[in-house]
Amino acid sequence: KAGVTQTPRYLIKTRGQQVTLSCSPISGHRSVSWYQQTPGQGLQFLFEYFSETQRNKGNFPGRFSGRQFSNSRSEMNVSTLELGDSALYLCASSVGQGIEAFFGQGTRLTVV
Amino acid sequence: GESVGLHLPTLSVQEGDNSIINCAYSNSASDYFIWYKQESGKGPQFIIDIRSNMDKRQGQRVTVLLNKTVKHLSLQIAATQPGDSAVYFCAEYAGGTSYGKLTFGQGTILTVHP
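Listed in order, the protein sequences are those of chains A and B.
Following this note's numbering, the numbering of the first sequence begins with 56 at its first residue and continues without gaps.
Following this note's numbering, the numbering of the second sequence begins with 280 at its first residue and continues without gaps.
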């Protein structure tokens, strides 16, 4: 059974640009959550999607957005990138509420 | 200003020893408590969870203890192996409408010496 796949693995972007990250969940998993991991703040919840609907959202500015497609694949978008957005972005999929979540390897975003 | 990196607690053990990793949680109303392991260059990996109405749960080589009186969670790893070296996170799931949201602790670095 394939795990959670995130693409790309690494990204370098310039301040002010926007970026789209992709996540393919484990087959059969309908819940996809996104997290930001930084040395300063640790792991922080961004948002969660289930059956193409955002069910929950963390305390991030509106520059951070996401969506989920009918096949459960999800994307997150960050617009007007800031240096502080440099982080490891992790996607996690689960069957239901997200307690036993399966994480991808993450996308390392560097904003210069 | 410049962000200050988290200074993670560290635990160093010898191979074969038992390890105990501790975590203090904040939300007494959390429904589930979970332990995750993150190896370098990888995403967190689920280890074990415990529901708030339980005190102890055992898995393969791991035991989680929950003390709700003092809001404390611990992960015991028996016969620790070099492959157990990683950062360990405790996480809380609040339940209710907290869909998909895990609140993670700062993490503990476990180093196992052969």
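Positions of the beta carbon are idealized from the N, C-alpha and C atoms, including for glycine.
Where A:Gly121 falls: helix, strand or coil (DSSP)
strand
Helix, strand or coil, according to DSSP, for A:Gly139 in the structure here?
helix
Quick one: Cα of A:Gln128 to Cα of A:Val87, how far?
Inspection of the sequence shows that residue 128 of chain A is occupied by Arg rather than by Gln. Rounded to whole angstroms, A:Arg128 to A:Val87 spans 8 Å at the Cα level.
Host beta strand (DSSP E) of A:Lys68 (start-end)
65-68
With a CB to CB cut of under 7 Å and the five nearest residues on each side skipped, what residues in its chain are close to B:Ala357?
Asn297, Arg340
Indicate the three-state DSSP secondary structure (helix, strand or coil) for B:Gly280 in the structure shown.
Residue placement at B:Gly280 is poorly supported in this model, since its pLDDT is 36, which falls under 50; the coordinates still yield a value, given next. The answer is coil: DSSP assigns B:Gly280 none of H, G, I, E or B.
Would you call B:Ser305 buried or exposed, if buried means 16 or more other Cβ atoms sit within 10 Å of its Cβ?
exposed
Would A:Gly159 be called buried (16 or more neighbouring beta carbons within 10 Å of its own) or exposed?
Buried.
Using a threshold of 8 Å, state whether the C-beta atoms of A:Leu164 and A:Ser134 are closer than that.
no
Just the Cα atoms here: how many angstroms apart are B:Gly280 and A:Phe115?
Confidence at B:Gly280 is low in this model, with a pLDDT of 36, below 50, so the placement of that residue should be treated as unreliable; the coordinate-derived value is given next. Looking at the two C-alpha atoms, the distance is approximately 18 Å.
Report all residues from its chain with a CB closer than 6 Å to the CB of A:Asn132; omit the five preceding and five following residues, and keep chain order.
Thr75, Ser120
Considering only residues of the region 290-362 of chain B, which uninterrupted beta strand (DSSP E) runs meet the minimum length of 3 residues and lie entirely inside it, listed in chain order?
Segments of the beta strand (DSSP E) lying fully in the region 290-362 of chain B: 298-303, 311-317, 324-330, 335-337, 341-346, 351-356.
DSSP has A:Phe115 in a bridge; who is on the other side?
None, per the DSSP bridge assignment.
Quick check: what's the CA-CA separation for A:Pro80 versus A:Gln61?
9 Å
Under 8 Å, CB to CB, which of the residues in the region 147-159 of chain A have a partner in chain B?
Ala147, Ser149, Gln152, Gly153, Ile154, Glu155, Ala156, Phe157, Phe158, Gly159
Do you know whose CA, among A:Glu130, A:Gly161, A:Ala156, A:Val150, lies nearest A:Gln73's CA?
A:Glu130
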